[in-house]
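S.K.: Structure below; questions to follow.
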Amino acid sequence: MELMPALLFLQSMLAATWRMATPIIYAAVGEVFTERSGVLNIGLEGIMLIGAFAGYSVAYETGSLVLGLLAALLSGLLSGLIFAIFTVSVKANQIVVGAAFNMIGMGLSAFLYRTIYSQSGKVLSLQPFRPLDLPVLSNIPFFGEVLFRHNIVVYGTLLLTLIASFVLYRTAFGLSLRSVGEHPKAADTTGINVPATRYVGVLIGTVLAALGGASLTLAYSDQFVEGIVTGRGFIALAVVVFGSWSPWGAFGASLLFGSFYALQLRLQAMPEVVIPYQFLQALPYLATLLVLISLTRRARAPRALGVPYP
Amino acid sequence: MEDYLVRMENICKSFPGGVQANRNITLEVRPGEIHCLLGENGAGKTVLMSILYGLYKPDSGTIYFKGKKLDIHSTKDAIENRIGMVHQHFMLVPTLTVAENVVLGQYQPWKVLNDMDKVHQRIRTMSDEFGLDVDPSKVVQDLSVGEQQRVEILKALYHGADLLILDEPTAVLTPQESEHLLKFLRDLANRGLTIIFITHKLEEVMQVSDRVTVLRDGRVVGTVNTRDTNPRELARMMVGREVLMELKKAKTEPGKVIFSVRNLRVKDARGLEVVRGVSFEVREREVLGIAGVSGNGQTELALALAGLIESDFDEMRLDGQLITKRDLQRLNRLGMAHIPEDRQKMGLILPFSVAENFVLKTYRDEPFARRGFLQFDTIREYTRSQVSKFSIRVGDIEEEIAHLSGGNQQKVVVARELDRQPRFLLVNQPTRGIDIGATEFVRQQILVERDAGAAILLISADLEEIFALSDRILVMFEGRFMGEVPPDPALVEQVGLMMAGKTVQTSG
Numbered sequence: 000m001e002l003m004p005a006l007l008f009l010q011s012m013l014a015a016t017w018r019m020a021t022p023i024i025y026a027a028v029g030e031v032f033t034e035r036s037g038v039l040n041i042g043l044e045g046i047m048l049i050g051a052f053a054g055y056s057v058a059y060e061t062g063s064l065v066l067g068l069l070a071a072l073l074s075g076l077l078s079g080l081i082f083a084i085f086t087v088s089v090k091a092n093q094i095v096v097g098a099a100f101n102m103i104g105m106g107l108s109a110f111l112y113r114t115i116y117s118q119s120g121k122v123l124s125l126q127p128f129r130p131l132d133l134p135v136l137s138n139i140p141f142f143g144e145v146l147f148r149h150n151i152v153v154y155g156t157l158l159l160t161l162i163a164s165f166v167l168y169r170t171a172f173g174l175s176l177r178s179v180g181e182h183p184k185a186a187d188t189t190g191i192n193v194p195a196t197r198y199v200g201v202l203i204g205t206v207l208a209a210l211g212g213a214s215l216t217l218a219y220s221d222q223f224v225e226g227i228v229t230g231r232g233f234i235a236l237a238v239v240v241f242g243s244w245s246p247w248g249a250f251g252a253s254l255l256f257g258s259f260y261a262l263q264l265r266l267q268a269m270p271e272v273v274i275p276y277q278f279l280q281a282l283p284y285l286a287t288l289l290v291l292i293s294l295t296r297r298a299r300a301p302r303a304l305g306v307p308y309p
Numbered sequence: 000m001e002d003y004l005v006r007m008e009n010i011c012k013s014f015p016g017g018v019q020a021n022r023n024i025t026l027e028v029r030p031g032e033i034h035c036l037l038g039e040n041g042a043g044k045t046v047l048m049s050i051l052y053g054l055y056k057p058d059s060g061t062i063y064f065k066g067k068k069l070d071i072h073s074t075k076d077a078i079e080n081r082i083g084m085v086h087q088h089f090m091l092v093p094t095l096t097v098a099e100n101v102v103l104g105q106y107q108p109w110k111v112l113n114d115m116d117k118v119h120q121r122i123r124t125m126s127d128e129f130g131l132d133v134d135p136s137k138v139v140q141d142l143s144v145g146e147q148q149r150v151e152i153l154k155a156l157y158h159g160a161d162l163l164i165l166d167e168p169t170a171v172l173t174p175q176e177s178e179h180l181l182k183f184l185r186d187l188a189n190r191g192l193t194i195i196f197i198t199h200k201l202e203e204v205m206q207v208s209d210r211v212t213v214l215r216d217g218r219v220v221g222t223v224n225t226r227d228t229n230p231r232e233l234a235r236m237m238v239g240r241e242v243l244m245e246l247k248k249a250k251t252e253p254g255k256v257i258f259s260v261r262n263l264r265v266k267d268a269r270g271l272e273v274v275r276g277v278s279f280e281v282r283e284r285e286v287l288g289i290a291g292v293s294g295n296g297q298t299e300l301a302l303a304l305a306g307l308i309e310s311d312f313d314e315m316r317l318d319g320q321l322i323t324k325r326d327l328q329r330l331n332r333l334g335m336a337h338i339p340e341d342r343q344k345m346g347l348i349l350p351f352s353v354a355e356n357f358v359l360k361t362y363r364d365e366p367f368a369r370r371g372f373l374q375f376d377t378i379r380e381y382t383r384s385q386v387s388k389f390s391i392r393v394g395d396i397e398e399e400i401a402h403l404s405g406g407n408q409q410k411v412v413v414a415r416e417l418d419r420q421p422r423f424l425l426v427n428q429p430t431r432g433i434d435i436g437a438t439e440f441v442r443q444q445i446l447v448e449r450d451a452g453a454a455i456l457l458i459s460a461d462l463e464e465i466f467a468l469s470d471r472i473l474v475m476f477e478g479r480f481m482g483e484v485p486p487d488p489a490l491v492e493q494v495g496l497m498m499a500g501k502t503v504q505t506s507g
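For the protein sequence lines, the chains are F and A, in the order given.
Its first residue numbered 0, the first sequence is counted upward by one per residue in numbering that gives the first Met the number 0.
Its first residue numbered 0, the second sequence is counted upward by one per residue in numbering that gives the first Met the number 0.
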C-alpha cells in the first residue's frame, strides 16, 4: 500500500524523533537523579563528550560495541567521582565545577581524538548498533517504522525511564534521594547519609550522561567528530526543568527536542526550502528553548538544589 | 545508677570559633519523668540534646542509657536505641506525605516500598490511640504548624521511642495548643515514656515538669524538684541575678494619629493574599500591639508597612502625609523607623563591622560622608558613643558584627533605629532569640520611645511581651484582625482563643 507523501514525511520524521531524543533522554533522566539529590551538574555537555569519545575509541580499537558502552560507563563513573568530590565533599561552587567539566570535556576529547585518530586524514568509522526490527510489530504500517525499527540503545531509553521512575518513587533509595534534595537536614536526622546519597545521585547522572554521549558515536552515527554533542547537554538541563524533575517528564520533553531536530534535518534535505542551513540547524535549540520557556509550569525545583550540606 | 534512664557525664563541647557550648555538664534523667532543661538562648540546652541525639559528637564525656555506656555516632544510633527528638525547626520533608516522612531513613536503600498501606494503617491506629489526629496520606506542607508537630511526635513514637526530647515545642503554638500539648506529654509520661523538655519559659517548667535542670553559659547551675522551687528562684538560677519581672509602664494619654492605613492587602511570595484588608491607626504616645501565632500574615504586614514589598490599600497616611506608592526614602524622611523581625537577614549585614552597621542608613549623609567620601573618624566616634550609651558588649567596633551575641546584635539595630528619633516605630518580634538582660533593655527602650511621643506598632508572637508593652491589642489570624482588646492580664485566655481563630465577644 502506497502511503501519501505527507504521511511518509510524518512517518520518517517521527521515527527520527525518538532517535534524536535518545542521547538527551539518557542525560536528562540521569540529571533528574542528580538534581533530585540537591546537586546541579551543568557539566553534562563535557561529560557527554568524554563518554562519546571513550565509547568510540574502545569500540573502534576492540571492535566491540558492548566494550565501547562499558568504557563510556566507566568514563561517566570517573567524571562523576571527580565532580562529586569537588561539589559534595569539598563543597566547591557547583556552577564553577560544572563549567570546568564542560571545558575539560571539549578540550580533552578533541585533543585525544586529534592525537590518536585524525593524523591518518581518513574518517575512521565503526560498525554502529544496527536497528533491531521487532518481529510482527515492525510490519505494522506507519507505526512499525515509527516505533519498532530502532536499535537497542533507542529502545533502552524506554526501559531506563521505567526503571528510573520506579526507583525514584517506589524504593527507599528514591525516597531518601528526594528528601536529601528537599530538606537534607531532616534526612540527616533520620539517619540518612546525605553525602553518600548525593554521590550516588551525581554518579547516576554522569554515567547516564556518558552513555548518552556514547549513543551518539555508537548508535546514532558511526564516528567521533569534535564537539559531536553540540549543546545536547545544555538542552538536557532545560529538559529536566520542563519535565518537572520527573523521569517521564524528561522523556517527553526530550522527544520534543527530537521532533524539532528531525524536522530540521528533513527541511535541510528539501530543495524547495531556501533557508540557509545554519538557521535550520539552530532551529531545534531555539524552538525547544522557546517552547520550554513558554510552557514551563510553575513546578518547583528541589528546595536544596545547588546548596552544599552541611 | 539503675534509677536513671539517662546519665550524661562531664559532657564538653566547643565549636570552631571558640564558643564553649557545654562545659562539663552532667545530667541525670529518671525513667518516666518529665525533665525540663531550662536556660536562656545560648545556654547550651539544644547542643546538649543534639549530642544525646547523635547530631554532634562531644569533645569529651560519657553517656549512659538504660544503665549501659552508649556510643552514639549518628542519629541512626539514637533512633535504634529508642531515643526520639522533636526539633525546634521541624525535621520533616515538606513535599513528602506524613507516612513517607515517618518511614524516611528506616529501610535499606534497595527496599521496594510496597507495604505503605500497612504503614498508613499503623499510623492511623497510633494516631487514634494517642489522640493525635494525624492523617498519614496528607502532604506535610499542607499541614498547620501544630499538626506538623504532632507528626514529629508520632514519628518518634512510631520508632518506639522510650525517651522523647522536645526542643522548645510551644514556641510555635497558641496558648490553647500549648496547654493541650503539655497535657498530652503528661499523659505520655504516665504511660512510662521519659521526656526531656527544653524551654526558657518558667510557667511551662512549673506546669509540666517533675524535675528541672538549669543551664547557664554552658554549665549546670543545678537540678531541683519542681515542687520544691518557684519561678523566681528558677529565674535567678537561669540569669544569675534577680530579674525584674515587671516593666515600669507609665500611664500616657495618646495624642494625634501618626500612622493610619485603610483596607491593606498584601500578597506573599507565592501570590497568595496573606493580609486580607486590615485597617488601623496608631497615635503618638501609644503602643499598638499585634498578637498572633507566627505565620498569620504578620511578616508580610510589617514588610508592606516598611515599604519593602508591594501592597494594596485604600489610604495610608504617615504624619498627616498621604503615602501613595512604595518609596522608602520618603518613609524615612517622614520619620519611620523599622526594627525588623530577622536582625541577621534584614537588620544587619553580618560580614560588616559594628561601625559600618551603625551607619547603614545614614552613611550617605553629613557628617558621615563628605563630598562622597566616608568620614571614618566621625563614624568611629559616633559608634563608640552609641556603644557605650546602649551598653552594647563588643570587643572592637571594627570586628564583624556576626561575632556578637544575638542580644548585642539586636541592641545595635535598636540603637540605630531609635537614634533617628522616629515619629512612627515599626517593631517586629523585637526580643526573639535574645537573652533576658537584652530583652529587658529592648522592652524598656520601646517604652521610653513611647513616652517621648513616638507612635509604635509592635508585632510579636510573644503574648507576655504584647501584654507588657501595649496600650491596645489587635489579634491577627489568617490575615485579618479578630478584634481589639485592652492589655488586661485577665484577657490572656480570650486573646489566645482569638489567636486560634475563634471569634470572641469583646465586652465594652
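Note that beta-carbon positions come from the ideal geometry of N, C-alpha and C, so glycine has one too.
Between Thr178 (chain F) and chain A, is there a C-beta pair that is closer than 8 angstroms?
M.R.: Here the question's residue 178 (chain F) lines up with position 179 in the first sequence. One detail in the question is off: residue 178 (chain F) reads as Ser in this sequence, not Thr. Taking Cβ atoms only, chain A reaches closer than 8 angstroms to Ser178 (chain F), which makes this a yes.
S.K.: Are the CB atoms of Val207 (chain A) and Leu184 (chain A) nearer to each other than 8 angstroms?
M.R.: Stepping through the second sequence from its first residue, residue 207 (chain A) is reached at position 208. Stepping through the second sequence from its first residue, residue 184 (chain A) is reached at position 185. Cβ distance < 8 angstroms, so Val207 (chain A) and Leu184 (chain A) count as in contact.
S.K.: Are the segment 221-232 of chain F and the segment 130-140 of chain F touching by the rule of at least three beta carbon pairs closer than 8 angstroms?
M.R.: Counting Cβ pairs under 8 angstroms, fewer than three are found: no touch.
S.K.: Report the partner residues of Asn21 (chain A) according to the DSSP bridge assignment.
M.R.: The residue labelled residue 21 (chain A) in the question sits at position 22 within the second sequence. Bridge partners of Asn21 (chain A): A:Lys12.
S.K.: If the criterion is Cβ atoms closer than 8 angstroms, does the pair Lys75 (chain A) and Leu4 (chain A) meet it?
M.R.: Working through the second sequence from its first residue, we reach residue 75 (chain A) at position 76. Working through the second sequence from its first residue, we reach residue 4 (chain A) at position 5. Not closer than 8 angstroms, so no.
S.K.: If you check the beta carbons only, do Ala213 (chain F) and Gly62 (chain F) fall under 8 angstroms apart?
M.R.: Locating residue 213 (chain F) in the first sequence gives position 214, counting from the first residue. Locating residue 62 (chain F) in the first sequence gives position 63, counting from the first residue. In this structure, Gly62 (chain F) does not lie closer than 8 angstroms to Ala213 (chain F) by Cβ.
S.K.: At which residues does the beta strand (DSSP E) containing Lys510 (chain A) begin and terminate?
M.R.: Limits of chain A in this structure are 0 at one end and 507 at the other, which puts residue 510 (chain A) out of reach.
S.K.: Return no unless some Cβ of chain A is closer than 8 angstroms to the Cβ of Phe278 (chain F).
M.R.: The residue you call residue 278 (chain F) lines up with position 279 of the first sequence. It does not: the Cβ of Phe278 (chain F) has no partner Cβ on chain A nearer than 8 angstroms.
S.K.: What did DSSP end up calling Glu271 (chain F) once you bin it into helix, strand or coil?
M.R.: Counting from one through the first sequence, the residue named residue 271 (chain F) turns up at place 272. Coil at Glu271 (chain F), not helix or strand.
S.K.: Put Thr61 (chain F) into one of helix, strand or coil per three-state DSSP.
M.R.: For the purposes of this step, residue 61 (chain F) is taken as the residue at position 62 of the first sequence. Thr61 (chain F): helix per DSSP, three-state reduction.
S.K.: Can you give me the start and stop residues for the alpha helix (DSSP H) that Tyr157 (chain A) sits inside?
M.R.: Taking the first residue of the second sequence as position 1, residue 157 (chain A) is located at position 158. That run of the alpha helix (DSSP H) goes 144-157.
S.K.: Please list, in chain order, all residues of the same chain as His158 (chain A) whose beta carbon is under 7 angstroms from its beta carbon, the five residues on each side excluded.
M.R.: By one-based count along the second sequence, residue 158 (chain A) stands at place 159. So the qualifying residues of the chain are Ile78, Gly83.
S.K.: Let's test the definition: count the other Cβ atoms within 10 Å of the Cβ of Tyr168 (chain F) and tell me whether it reaches 16, buried, or not, exposed.
M.R.: Translated into positions along the first sequence, residue 168 (chain F) becomes position 169. Looking at its Cβ environment, which holds fewer than 16 other Cβ atoms inside 10 Å, Tyr168 (chain F) is exposed.
S.K.: Could you name the residues of the same chain whose beta carbon sits closer than 7 angstroms to that of Ala368 (chain A), not counting the 5 residues immediately before and after it, in chain order?
M.R.: Your numbering for residue 368 (chain A) matches position 369 in the second sequence. Result list for Ala368 (chain A): Tyr362, Gln374, in chain order.
S.K.: How about Glu181 (chain F): is its C-beta nearer than 8 angstroms to some C-beta of chain A?
M.R.: The residue you call residue 181 (chain F) lines up with position 182 of the first sequence. So yes, Glu181 (chain F) belongs to the interface.
S.K.: By Cβ distance below 7 angstroms, which residues in the same chain neighbour Asn150 (chain F) in space, the five residues on each side in sequence not counted?
M.R.: Within the first sequence, residue 150 (chain F) is the residue found at index 151, counting from 1. Answer for Asn150 (chain F): Phe128, Arg129, Pro130, Leu131, Ala218, listed in chain order.
S.K.: Would you kindly report the start and end of the unbroken alpha helix (DSSP H) that includes Ser178 (chain F)?
M.R.: The count along the first sequence starts at 1 and reaches residue 178 (chain F) at position 179. Segment 171-181, the alpha helix (DSSP H) holding Ser178 (chain F).
S.K.: Evaluate contact between the segment 70-84 of chain F and the segment 9-18 of chain F, counting only Cβ atoms and requiring at least three cross-stretch pairs below 8 angstroms.
M.R.: Touching, no, given that fewer than three Cβ pairs across the two stretches are closer than 8 angstroms.
S.K.: Report yes or no: is there a C-beta of chain A within less than 8 angstroms of the C-beta of Gly190 (chain F)?
M.R.: As a first step, residue 190 (chain F) must be located in the first sequence, where it is residue number 191. By this cut-off, Gly190 (chain F) is an interface position.
S.K.: Let me make sure I understand the geometry here. Which of F:Asn101, F:Gln126, F:Ser175 has the alpha-carbon closest to that of Glu60 (chain F)?
M.R.: Stepping through the first sequence from its first residue, residue 60 (chain F) is reached at position 61. Here the closest residue by C-alpha is F:Gln126.
S.K.: Determine the DSSP secondary structure at Lys248 (chain A), reduced to helix, strand or coil.
M.R.: By 1-based counting over the second sequence, the position of residue 248 (chain A) is 249. In the structure shown, Lys248 (chain A) sits in coil (DSSP, three-state: anything other than H, G, I, E or B).
S.K.: If you run the structure through DSSP and keep just helix, strand and coil, what is Ser506 (chain A)?
M.R.: Here residue 506 (chain A) refers to the residue found at position 507 when the second sequence is read from its first residue. Caution applies to Ser506 (chain A), whose pLDDT of 48 falls short of 50 and renders its modelled position unreliable; the model cannot decide the point.
S.K.: Ile191 (chain F): which of A:Ile391, A:Val92, A:Thr25, A:Thr430 sits nearest, CA to CA?
M.R.: If you number the first sequence from 1, residue 191 (chain F) lands on position 192. Per the Cα distances, A:Val92.
S.K.: If you draw a straight line from the alpha carbon of Gln118 (chain F) to that of Ala70 (chain F), how long is it in whole angstroms?
M.R.: Your numbering for residue 118 (chain F) matches position 119 in the first sequence. Your numbering for residue 70 (chain F) matches position 71 in the first sequence. Looking at the two C-alpha atoms, the distance is approximately 23 angstroms.
S.K.: Of the residues that make up the segment 95-120 of chain A, which ones have a beta carbon closer than 9 angstroms to any beta carbon in chain F?
M.R.: The segment 95-120 of chain A vs chain F, Cβ under 9 angstroms: Leu95, Glu99, Asn100, Val102, Leu103, Gly104, Gln105, Tyr106, Gln107, Pro108, Trp109, Lys110, Val111, Leu112, Asn113.
S.K.: Count the other CB atoms, across all protein chains shown, that sit within 10 Å of the CB of Ala451 (chain A); report buried if there are 16 or more and exposed otherwise.
M.R.: Residue mapping note: residue 451 (chain A) aligns to position 452 of the second sequence, counting from 1. Burial call: exposed.
S.K.: Quick check on the DSSP output: the alpha helix (DSSP H) that includes His86 (chain A) runs from which residue to which?
M.R.: Taking the first residue of the second sequence as 1, we reach residue 86 (chain A) at position 87. Looking at the DSSP string, His86 (chain A) is not in any alpha helix (DSSP H), and its letter there is neither H nor E.
S.K.: Could you tell me the boundaries of the beta strand (DSSP E) in which Tyr63 (chain A) lies?
M.R.: Walking along the second sequence from the start, residue 63 (chain A) turns up at place 64. That run of the beta strand (DSSP E) goes 59-64.
S.K.: Mapping DSSP to helix, strand and coil, what is Leu125 (chain F)?
M.R.: As a working mapping, residue 125 (chain F) is identified with position 126 in the first sequence. Coil at Leu125 (chain F), not helix or strand.
S.K.: Who does Glu27 (chain A) pair with in a DSSP beta bridge?
M.R.: As a first step, residue 27 (chain A) must be located in the second sequence, where it is residue number 28. For Glu27 (chain A), which the question treats as bridged, DSSP gives the partners A:Arg6.
S.K.: Taking the C-alpha atoms as reference points, what is the distance between Lys388 (chain A) and Leu359 (chain A)?
M.R.: Residue numbering aside, residue 388 (chain A) sits at position 389 when the second sequence is read from its first letter. Residue numbering aside, residue 359 (chain A) sits at position 360 when the second sequence is read from its first letter. Their Cα atoms are separated by approximately 19 angstroms.
S.K.: Of all the CB atoms in chain A, is at least one closer than 8 angstroms to the CB of Ser175 (chain F)?
M.R.: For this step, residue 175 (chain F) is matched to residue 176 along the first sequence. It does; some Cβ of chain A falls within 8 angstroms.
S.K.: Starting from Ile508 (chain A), follow the alpha helix (DSSP H) in both directions and report where the run begins and ends.
M.R.: Because chain A is modelled from 0 through 507, residue 508 (chain A) falls outside the range shown and cannot be assessed.
S.K.: Anyone know if the C-beta pair for Leu531 (chain A) and Leu37 (chain A) falls short of 8 angstroms?
M.R.: Since the first residue shown for chain A is 0 and the last is 507, residue 531 (chain A) is missing from the structure and cannot be characterised.
S.K.: Mind checking if Thr33 (chain F) is an interface residue toward chain A, Cβ cutoff 8 angstroms exclusive?
M.R.: Taking the first sequence and counting its residues from 1, the one referred to as residue 33 (chain F) is at position 34. Closer than 8 angstroms: no.
S.K.: Measuring CB atoms only, is the segment 36-45 of chain F touching the segment 158-172 of chain F, in the sense that at least three cross pairs come out at less than 8 angstroms?
M.R.: Segments in contact, no.
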